[in-house]
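Down below is the structure, laid out as structure tokens.
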Amino acid sequence: MAAQHIVSVSSQEEVADGLFLLRFRSKQIAQTSLPGQFVNIRTSDGFAPFLRRPFSISRVDGELVEILFNIVGAGTRLLAEKRSGDTLDVLGPLGVSFGYRGDFDTALIVAGGLGVAPFPLLSSWLQREEKQVVSFIGARSAYQLYRLHLRNPQYATDDGSTGAKGTVVELLARYLDNHRVTKPRIFGCGPTRMLQALSDFAQKNNMECELSLEGDMACGIGLCQGCPVERVSGHNGQKKYALVCTEGPAFQCRDIILS
Amino acid sequence: MAAQHIVSVSSQEEVADGLFLLRFRSKQIAQTSLPGQFVNIRTSDGFAPFLRRPFSISRVDGELVEILFNIVGAGTRLLAEKRSGDTLDVLGPLGVSFGYRGDFDTALIVAGGLGVAPFPLLSSWLQREEKQVVSFIGARSAYQLYRLHLRNPQYATDDGSTGAKGTVVELLARYLDNHRVTKPRIFGCGPTRMLQALSDFAQKNNMECELSLEGDMACGIGLCQGCPVERVSGHNGQKKYALVCTEGPAFQCRDIILS
Amino acid sequence: MAKQSFKLRDVEFNNRVLAASGTFGYGDEVKHLVDVNRLGGIVTKSLSWKPRDGNAPRRIAETPAGMLNSIGLANIGVHNFIDEKLPYLRQLQTTIVANIAASSVQEYCDVLSLLDTQDGVDAFEINVSCPNVKEGGLSFGTNCEMVREITAQLRALTKKPLILKLTPNVTHISEFARAVEEAGADAVSVINTLIGMAVDIKTRKPKLSTVTGGLSGPAIKPIALAKVYEVAQAVKIPVIGIGGISTLEDALEFLLVGASAVQVGSINFVDPTAGPAIAEGLAAYADKNGLHDVGQLVGAMDSNIEFSVLQSWL
Amino acid sequence: MAKQSFKLRDVEFNNRVLAASGTFGYGDEVKHLVDVNRLGGIVTKSLSWKPRDGNAPRRIAETPAGMLNSIGLANIGVHNFIDEKLPYLRQLQTTIVANIAASSVQEYCDVLSLLDTQDGVDAFEINVSCPNVKEGGLSFGTNCEMVREITAQLRALTKKPLILKLTPNVTHISEFARAVEEAGADAVSVINTLIGMAVDIKTRKPKLSTVTGGLSGPAIKPIALAKVYEVAQAVKIPVIGIGGISTLEDALEFLLVGASAVQVGSINFVDPTAGPAIAEGLAAYADKNGLHDVGQLVGAMDSNIEFSVLQSWL
Ligand SMILES: Cc1cc2nc3c(=O)[nH]c(=O)nc-3n(C[C@H](O)[C@H](O)[C@H](O)COP(=O)(O)OP(=O)(O)OC[C@H]3O[C@@H](n4cnc5c(N)ncnc54)[C@H](O)[C@@H]3O)c2cc1C
Ligand SMILES: Cc1cc2nc3c(=O)[nH]c(=O)nc-3n(C[C@H](O)[C@H](O)[C@H](O)COP(=O)(O)OP(=O)(O)OC[C@H]3O[C@@H](n4cnc5c(N)ncnc54)[C@H](O)[C@@H]3O)c2cc1C
Ligand SMILES: Cc1cc2nc3c(=O)[nH]c(=O)nc-3n(C[C@H](O)[C@H](O)[C@H](O)COP(=O)(O)O)c2cc1C
Ligand SMILES: Cc1cc2nc3c(=O)[nH]c(=O)nc-3n(C[C@H](O)[C@H](O)[C@H](O)COP(=O)(O)O)c2cc1C
Ligand code: FES
Ligand code: FES
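Here the protein sequences come in this chain order: A, B, C and D.
Under the numbering used here, think of the first position of the first sequence as 1, with each following residue one higher.
Under the numbering used here, think of the first position of the second sequence as 260, with each following residue one higher.
Under the numbering used here, think of the first position of the third sequence as 519, with each following residue one higher.
Under the numbering used here, think of the first position of the fourth sequence as 833, with each following residue one higher.
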């Protein structure tokens, strides 16, 4: 269950150019995290920045929790400066997990850029559930790809410097043309434009598809109403918006309208 | 002449409990600083805190400049975290120096608490001028006293844990009762209450006395008018206030009214 | 141990630190993270007659030491509140203040009348920073006579404590405070958010879907403190101080300038335990300073300058 | 290289970044630290007829991402300005805007008339955030008719660009902007400081000797941006944006919402080279974006929502 933890950083690595892997020790978070959930981290004990920063729980290793991030602004810059032994104020695990259980045989993981973050954890859970997993990983160029704990990884880069040239959704489409997959379920995370393309593809081929969203968040715990995503009208009652932090970040693509 | 310098920290030591000595390399500041002048340091490249923080130039050693400080709030806390190799944005040297030259034989240095900061530099200049120097150093208790580069140091602590028990001004008075001092000039720096007592003592015994003041500053360079000290009316033209940053921090005690 | 509680009419608050409207949901979202009974009270998200979806994304933008929001008063509506939230709130040991928003004077009256009959609703806070549809969406809160009128009508409908929450986006907030005091309000909450905006340089679009939004957080604390001081000098009814309060020191500043209680808002998003921590800090501070009642700090600022000259020669 | 200069009447400014009044002294204090000719202009400290000592200490208090000041318009007076400062300013290659403060309409007129005859004074900015002695010290700036009157009288006295600097401490700043536009002002500067205060917990005294003071710095940027947007939508004369501008991005935000130029204030205390750096940043940004004139950014925000609805449902 979500709680506020003062944890100690156990390691900080720049695993690829501009891509940071931070590990912190938290038995509770490690043991209770479900794939697709996130933590909300206070990057400064002052007010610069004021708000916490949300990060997907990328992987769990014993009592260690891993997050994967790149430097966007003030908060991630401060986070990248954390060193082993520093303490961190972490709220989590938060949010609704991916549907890693249930009626499907093959998980098709589709990640764009930093969207890979939540999938190492998902893969390990899919493994326990004895699901087939194929991972499609897209990035702007090779330097951003770092070998993750993902099964059957297929790579796509905008410049073709690694794997196929083009988008990861095109890569997925080609794969499905050439391979027979039984009872697939797509799991997607990445930039909105990519999620949009993935959602269109999945619905056109009416495949099950879950997307993990990133919206601006003030609280991450349902207090501020600041993180709405539009629902497909009529669907799930008549509320127009769902909250990404408490009703997501993982959603069925057919339930939501990406903007 | 005052300039904005991006300097590199060369060392940071906690020389006494809660007392920090930071050294940075700046040929220009080292070579142009006069005793009593200060530097205005940006402790964060963000806005927390927003304003620079002023510190007396404590000592100069080749191209190294030393400041001595204790942790008061956010700015000094950040400053204490600086490590060798970190860069620092420093404006200086700023302000008007002590009257280290001129018609006196014996310099009586009177420092309360962190007021010791500017005196190592002053002492070295007095040495060149071949002045006699006696240093009176007061602190709340022994742990705050750290052996400075001061000549003929006499100590006073509130609790008597080191040197005489009582205030540093009492210590000075006793010293003058028992010693014959020719053509003295007092140089004082410390908490306002102590400066007040010192000023009263000097004027009662009409001795020359210069005080270095610490007022809140926004800019340190005469732009904001934020650092006034009241003048003795009539004195030095009819302006009611002087600016501590550009007309001080060193003042003749008879020219100003401490509040 | 110093007395912490205070009263509005016959309603007692455990202590002088409440959770501000819209920053603590309906009190149940964080029950696992914080013991809400350690708060002096919980002010609910603003409730309107019908559920409100709220504004389109983007609703939040961070700013230096603060944040902008344009939630659009998204709320479940007063009926769902009574059915889904009140049963939980009713059994808490803290005071429940229902905050009401509306787009017409009638709607204010309807929502309050319905809630007034509900056991578990201890007091009302009226959010007048809402658009008056009759006036083409201009905020009720910037029209002094309108705020007086709302107060008078609501006063006639309830014997429970009636708190008017004032907007800072006016020239003389004390005029509004006097008006609601005359119209029978039991207290005023000062302040709601300040109008602000931010632009995304990359897209050249406003960061918020509504262009402007409400600024809150530590950045506005000095403004809020001045408004609370102005109001506390102008009226006799208690003032509840709000605006950027994040630490014990912040809360002390507000009490010293004349706030009888405070509300913590945006800081809840960063640390939902801030409210109880501040409440306990106040009690400890009072003890350390030999006070028998935290209330002795209210208006205890040491100053002989009254407000009138305060706008001079900035 | 994109065009950087802009004009008010026939007075040309090198670029669209000026140093704000009271944050850059008289331009000579920092001549060794920064090449002031790289600024679009220098707005002087407010000048009154007689020298003013200013307020007693303490005049400055830091706040989250900002600062409070109660300098009290300490200045050397218009005569000393002409004798001691103007000779230096006159020979600069940047535009000199004399900012005027006064405690009566007559004093505004006297100071302006005297300066109008002076070679080297290129334009005027009128600070109306001053107490009107006739009105018991209430600020001119919060009285719309008074601001209109001051503008009209000063307009009659000068052919040089006349800029009215508005206070944000009013309900509808656009009413004031319209009034001064009608009265003949060539431009408006938006905004002056917001009223704020801070209390020293240890002494329980206000941090500033005047209790309240003016809040400035990054903390107020979102408020200033909203005020500039409101005014730019309301008037046709140029708007000069002021408030917390510290970086190129900040300046871009103000241009995008409709500011024709900006002034940098408090950031000068932290980095007196910020103004020129921002000016050069704007030129580089324009080039990178294929603009032939920085002015093409003015009002270029991509939004179709006009101001009226902006106060809704915060
Ligand atoms: C549920 C969730 C999971 C996330 N997981 C990861 C992850 O595993 N790895 C990773 O690198 N990033 C992740 N992000 C994005 C990450 O939170 C932002 O990159 C980060 O907040 C940027 O903060 P900053 O201060 O460095 O940047 P700034 O630009 O200074 O942030 C300014 C504001 O924008 C918000 N913001 C900026 N970018 C984003 C974004 N993409 N999504 C949400 N808010 C944003 C910040 O919260 C802040 O309020 C996730 C976001 C969400 C909502
Ligand atoms: C000319 C001059 C020389 C100084 N020399 C030294 C020195 O050599 N060593 C040293 O330890 N301190 C010195 N000080 C005091 C030092 O500047 C403050 O301790 C420091 O600014 C505190 O900053 P902070 O953020 O840690 O504390 P905070 O309390 O967070 O500072 C808050 C605000 O108060 C101001 N402030 C707080 N205390 C003081 C003070 N005593 N004087 C002036 N402004 C203050 C800060 O500038 C800031 O604006 C000097 C001050 C001046 C004016
Ligand atoms: C996200 C958010 C939502 C808010 N919603 C409401 C609301 O529904 N009703 C209300 O009266 N005030 C609302 N407020 C205003 C707060 O109650 C408070 O008055 C304001 O945020 C200033 O306090 P702070 O700086 O501590 O946040 C909201 C504030 C925020 C930040
Ligand atoms: C210390 C200080 C002194 C100021 N003095 C004046 C003044 O004399 N006249 C004036 O019109 N504005 C004065 N201002 C207001 C600024 O010009 C500017 O409008 C305000 O600070 C907002 O801009 P900023 O946030 O960039 O500082 C002063 C501001 C500060 C901080
Ligand atoms: S981030 Fe606050 S409700 Fe989702
Ligand atoms: S600190 Fe700005 S003038 Fe002295």
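Where a beta carbon is used, it is the ideal one built from N, C-alpha and C, also for glycine.
Keep in mind the model is a prediction, meaning the values are calculated, not measured.
(message) Once DSSP output is grouped into helix, strand and coil, what is the label at C/G731?
(response) strand
(request) Have a look at D/E1064 and B/K499 and give me their C-alpha separation to the nearest angstrom. (result) Note that residue 1064 of chain D corresponds to Ala in the displayed sequence, not to Glu. About 42 Å.
(request) Please name the residue, chosen from A/P118, A/V110, A/S97 and A/G75, that lies closest to A/F136 on a Cα-to-Cα basis. (result) A/V110
(message) Between C/R577, C/V729 and C/K678, which has its C-alpha nearest C/D704's C-alpha?
(response) C/K678
(message) Could you tell me the alpha carbon to alpha carbon distance between C/S830 and D/N1001, rounded to whole angstroms?
(response) Residue confidence for C/S830 is low, a pLDDT of 44 falling below 50, so the modelled location carries little weight; the figure read from the coordinates is stated next. Cα to Cα, C/S830 sits roughly 13 Å from D/N1001.
(message) Just to confirm before moving on: does the CB-CB distance between D/A1118 and D/A851 stay below 7 Å?
(response) no
(message) Rounded to the nearest angstrom, what separates B/K442 and B/I515 at their Cα positions?
(response) 22 Å
(request) From the DSSP output, in three-state form, read off B/L216 for me. (result) Only positions 260 to 518 of chain B appear in the structure, and residue 216 of chain B is not among them; the question remains open.
(request) Could you give the DSSP three-state label for B/R301: helix, strand or coil? (result) strand
(message) Between which residues of its own chain and C/G813 is the CB-CB distance below 8 Å, once the five residues before and five after are set aside?
(response) K521, F524, R534 and S778
(request) May I ask which residues mark the beginning and end of the beta strand (DSSP E) holding A/C209? (result) E208 to S212
(message) I need the boundaries of the beta strand (DSSP E) containing C/I618, first residue and last residue.
(response) T613 to I618
(request) Return the chain-ordered list of same chain residues with a C-beta closer than 7 Å to the C-beta of D/P1108, the five sequence neighbours on each side being excluded. (result) V866, D867, R870 and L871
(message) Please identify the residue among D/S935, D/S1041, D/V1022 and D/D915 whose C-alpha is closest to the C-alpha of D/V965.
(response) D/S935
(message) Does the CB of B/R305 have a neighbour CB from chain A at under 7 Å?
(response) Going by the sequence as given, residue 305 of chain B is Gly instead of Arg. So yes, B/G305 belongs to the interface.
(request) Using DSSP bridges, identify the partner residues of D/L865. (result) Note: D/L865 sits in no beta bridge, so no partner.
(request) Please find out if some non-hydrogen atom of ligand 4 comes closer than 6 Å to the beta-carbon of D/S971. (result) no
(request) Measure from the C-beta of B/P443 to each C-beta in chain A and report whether the shortest distance is under 7 Å. (result) no
(request) Count the other C-beta atoms from every protein chain shown that fall within 10 angstroms of the C-beta of B/G321, then say buried if there are 16 or more, exposed otherwise. (result) exposed
(message) If we define contact as Cβ-Cβ less than 7 Å, is B/Q484 a contact residue for chain D?
(response) yes
(request) Return the chain-ordered list of same chain residues with a C-beta closer than 7 Å to the C-beta of D/N907, the five sequence neighbours on each side being excluded. (result) K877, S878, L879, S880, P883 and R884
(request) Pull up the distance between the alpha-carbon of C/V815 and that of D/K917, whole angstroms please. (result) Reading the sequence as shown, one finds Leu at residue 815 of chain C and not Val. Taking the straight line joining both Cα atoms gives about 49 Å.
(request) Under 6 Å Cβ to Cβ from C/G799, same chain only, skipping five residues before and after it: list those, please. (result) L766
(request) Report the residues of the segment 860-873 of chain D with a CB closer than 8 Å to any CB of chain B, ordered along the chain. (result) E861, V862, H864 and L865
(request) Could you tell me which chain A residues have their CB closer than 8 Å to the CB of B/A333, listed as they occur along the chain? (result) G46
(message) Using a 10 Å radius around the Cβ and a threshold of 16 neighbouring Cβ atoms, would you call A/V7 buried or exposed?
(response) buried
(message) DSSP has D/K793 in a bridge; who is on the other side?
(response) The structure shown has nothing for residue 793 of chain D, since chain D only spans 833 to 1146.
(request) Can you grab the Cα-Cα spacing for the pair D/D951 / D/I914, in whole Å? (result) 10 Å
(request) Just grab the DSSP bridge partners of D/L970 for me. (result) D/N964
(request) Kindly examine ligand 2 and report whether one of its heavy atoms sits closer than 6 Å to the Cβ of B/V331. (result) yes
(request) In angstroms with no decimal places, state the Cα-to-Cα distance between C/V788 and C/S692. (result) 31 Å
(message) Quick check on D/R891 - is its C-beta less than 7 Å from some C-beta in chain B?
(response) yes
(request) Indicate whether the contact test is met: 3 or more Cβ pairs, each with one atom in the segment 892-901 of chain D and one in the segment 298-316 of chain B, closer than 8 Å. (result) yes
(message) Does any residue of chain B have a CB that is nearer than 7 Å to the CB of D/E1112?
(response) no
(message) At the 7 Å Cβ level, is D/M978 part of the contact set with chain C, yes or no?
(response) no
(request) Locate the beta strand (DSSP E) running through B/E389, then write down its first and last residues. (result) From DSSP, B/E389 is part of no beta strand (DSSP E); its letter is neither H nor E.
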